[in-house]
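J.: With our numbering applied, the sequence shown closes on residue 948, and no number is skipped along the way. Every residue, glycine too, gets a C-beta built ideally from N, C-alpha and C.
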Amino acid sequence: MVQWATGNVGRPALRALIEHPTLTLVGVHTHTQDKVGTDAGRLCQLPTDTGITATGDIAEIIELGADCVVYTPRVFDIDTVCRLLATGTNIVTTHGMFHHPASMDEALYARVEAACWSGGASIHSTGHSPGFITETMPIALGSIQRRLDRMTIDEYTDLTHSETPWTLLGMGFGISQAAFEPHRLIQARRAIGPSLRLAADAFGPPLDAIDVRGELATANRDVQVGAAVFRKGTVVAQRITVSGTRRGQPLLQFRSTRYCSTDTDSDWSLRPTGWHISVEGDTPLELDLRPGDASIQAHAASPTYAANRAVNTIPYLCAAPPGIRTAIDLPPIAAALW
611 MVQWATGNVG RPALRALIEH PTLTLVGVHT HTQDKVGTDA GRLCQLPTDT GITATGDIAE
671 IIELGADCVV YTPRVFDIDT VCRLLATGTN IVTTHGMFHH PASMDEALYA RVEAACWSGG
731 ASIHSTGHSP GFITETMPIA LGSIQRRLDR MTIDEYTDLT HSETPWTLLG MGFGISQAAF
791 EPHRLIQARR AIGPSLRLAA DAFGPPLDAI DVRGELATAN RDVQVGAAVF RKGTVVAQRI
851 TVSGTRRGQP LLQFRSTRYC STDTDSDWSL RPTGWHISVE GDTPLELDLR PGDASIQAHA
911 ASPTYAANRA VNTIPYLCAA PPGIRTAIDL PPIAAALW
């Protein structure tokens, strides 16, 4: 196995590969020159070295002949991905463009499929959101329904304990509503929409459309966030709703709510970090998933959910036929934990 990039998701993925009972790490790729030559164990804060050092040269990675690359860089590079696939290396990635092949740009789909079949390799997009919470959980919960009226997935991210307010500013917090950039809605459509389409395909007829709606809430008073102060009247909560409709009615909804204060001008229910899933049908369900009691602990653990899902998928992806493979194509993912 090769770990490609050692950022927020890459580090826990690298650690999981090193400690995995049946997978063997053979290489690490980094885009950071200072990390070249650094042992893989040090890159993910393990106490011992592995003897495997990071490289910035794709040719060195290809020479390893690895079965699979866990591809988690900050910026997706289609040339690199196709080059790896064409050499016969499978790729599992936390980048979300491969969740629903029918929704992909036709030229991109054709190029990636050609690379897969040229090398006899496959590629799969996964993660926790989109991925586990928008595909695995809906499909599993749908398996006990005979009539599904609506499934709503609420994702809550509590940022009140953030120590990096400049990051929140980049996300649109702490600014006026007028200055908020609407392009974030387009990003939500691209990230979540294809994943909802895939889940709906598992239930039957495809979705007719994907609708996206954004809402903002402002602070009722000045809010201290880390070393910064977000002033009264600025954005301290955001909610983006992605709805997959069938026959004019929402069938699958994903609603992401992020907040750095609970004292807002909205009437939203601001739950702790985690997910709440509501299923309306002939077998109604209400399900809560929370990563832990402390929001700061949950925030720190978040990248691990995506990383572990990717690593646990590797054996199933390597056994799959060539091409772009989705959560429907692969069997249920079981982790090797011994």
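For HIS630 versus ILE671, is the C-beta distance shorter than 7 Å?
T.: no
J.: Secondary structure at THR703, three-state DSSP: helix, strand or coil?
T.: The answer is strand: DSSP assigns THR703 an E or B state.
J.: Sort VAL845, SER876, LEU808 by Cα distance to LEU861 and report the nearest one.
T.: LEU808
J.: Within 10 angstroms of the Cβ of HIS793, are there 16 or more other Cβ atoms? Answer buried if so, exposed if not.
T.: Classification of HIS793: exposed, given that the 10 Å Cβ count is below 16.
J.: Take THR632 as the anchor and find which of PHE790, ALA930, PRO925 has the nearest alpha-carbon.
T.: PRO925
J.: If you run the structure through DSSP and keep just helix, strand and coil, what is VAL685?
T.: coil
J.: Quick one: complete beta strand (DSSP E) runs, 3+ long, within the stretch 611-696?
T.: 612-614, 637-639, 678-681
J.: Which word fits ARG868, buried or exposed, when buried means at least 16 other C-beta atoms lie within 10 angstroms of its C-beta?
T.: buried
J.: With distances taken between CB atoms, is the gap from ALA731 to GLY706 smaller than 7 Å?
T.: no
J.: Could you pull the DSSP bridge partners for THR851 from this structure?
T.: THR851 is bridged to ARG823, ARG865.
J.: Since GLY729 is in the alpha helix (DSSP H), which residue starts that stretch and which ends it?
T.: 716-729
J.: Use the C-beta contact count for GLY661: other C-beta atoms within 10 angstroms, 16 or more gives buried, fewer gives exposed.
T.: Here GLY661 is exposed. Its C-beta has fewer than 16 other C-beta atoms within 10 Å.
J.: With which residues is MET761 paired in a DSSP beta bridge?
T.: LEU862, VAL889
J.: With DSSP collapsed to three states, give me the class of GLY884.
T.: Shown here, GLY884 sits in a strand according to DSSP, grouped into three states.
J.: Could you have a look at ARG800 and say whether DSSP puts it in helix, strand or coil?
T.: helix
J.: Put LEU899 into one of helix, strand or coil per three-state DSSP.
T.: Residue state, collapsed to three classes: strand.
J.: When the Cα atoms are used, what is the spatial distance from PHE783 to THR648?
T.: 36 Å
J.: By Cβ distance, which residues of its chain are closer than 8 Å to HIS738, with the 5 residues on each side in sequence left out?
T.: SER912, TYR915, ALA916, ARG919
J.: Could you tell me which of ASP677, GLU825, PHE742 sits nearest to PRO932, measuring between CA atoms?
T.: Measuring from the Cα of PRO932, the nearest candidate turns out to be ASP677.
J.: Please go through the same chain and pick out, in chain order, the residues whose beta-carbon is closer than 8 Å to the beta-carbon of PRO657, but skip the five residues on each side of it.
T.: GLY651
J.: ILE749 lies in the alpha helix (DSSP H); which residues open and close that run?
T.: Taken as a continuous stretch (DSSP letters only), the alpha helix (DSSP H) holding ILE749 covers 747-752.
J.: List the residues that DSSP assigns as beta-bridge partners of HIS734.
T.: Its beta-bridge partners are VAL702.
J.: Would you mind sorting SER753 into buried or exposed? The rule is 16 or more other CB atoms within 10 Å of its CB.
T.: Under this definition SER753 is an exposed residue.
J.: What is the rounded straight-line gap between the Cα of LEU897 and the Cα of ASP644?
T.: 45 Å
J.: Excluding the 5 residues preceding and the 5 following THR762 in the sequence, name in chain order all residues of the same chain whose CB lies nearer than 6 Å to its CB.
T.: GLN863, SER888
J.: Among ARG856, ALA623, SER772, which residue has its Cα nearest to the Cα of LEU817?
T.: The shortest C-alpha separation from LEU817 is found at ARG856.
J.: Kindly identify the DSSP beta-bridge partner or partners of PHE840.
T.: VAL833
J.: Can you tell which of VAL646, THR642, THR634 has its C-alpha closest to the C-alpha of GLY675?
T.: THR634
J.: Whose C-beta lies closer than 6 Å to the C-beta of ALA798 among residues of the same chain, with five residues either side of it excluded?
T.: Cβ neighbours of ALA798 beyond the five flanking positions: VAL822, ILE850, VAL852.
J.: Counting pairs of beta carbons, one from the stretch 740-758 and one from the stretch 769-785, are three or more of them closer than 8 Å?
T.: no
J.: So for ARG935, helix, strand or coil by DSSP?
T.: Three-state DSSP puts ARG935 in coil, outside helix and strand.
J.: Alpha carbon to alpha carbon, how far is THR936 from HIS709? Give it in angstroms, no decimals.
T.: Their backbone Cα atoms lie some 6 Å apart in a straight line.
J.: Given a threshold of 16 other Cβ atoms within 10 Å of its Cβ, counted over all protein chains shown, does ASP689 qualify as buried or as exposed?
T.: That one is exposed.
J.: Can you give the beta carbon distance from VAL680 to TRP614, rounded, assuming they're within the 8 Å contact cut?
T.: 6 Å
J.: CB-CB under 7 Å to CYS692, same chain, minus the five flanking residues each way: which ones, in chain order?
T.: ARG721, VAL722, ALA725
J.: Could you give the distance in angstroms between the alpha-carbon of ASN922 and the alpha-carbon of ALA944?
T.: 7 Å
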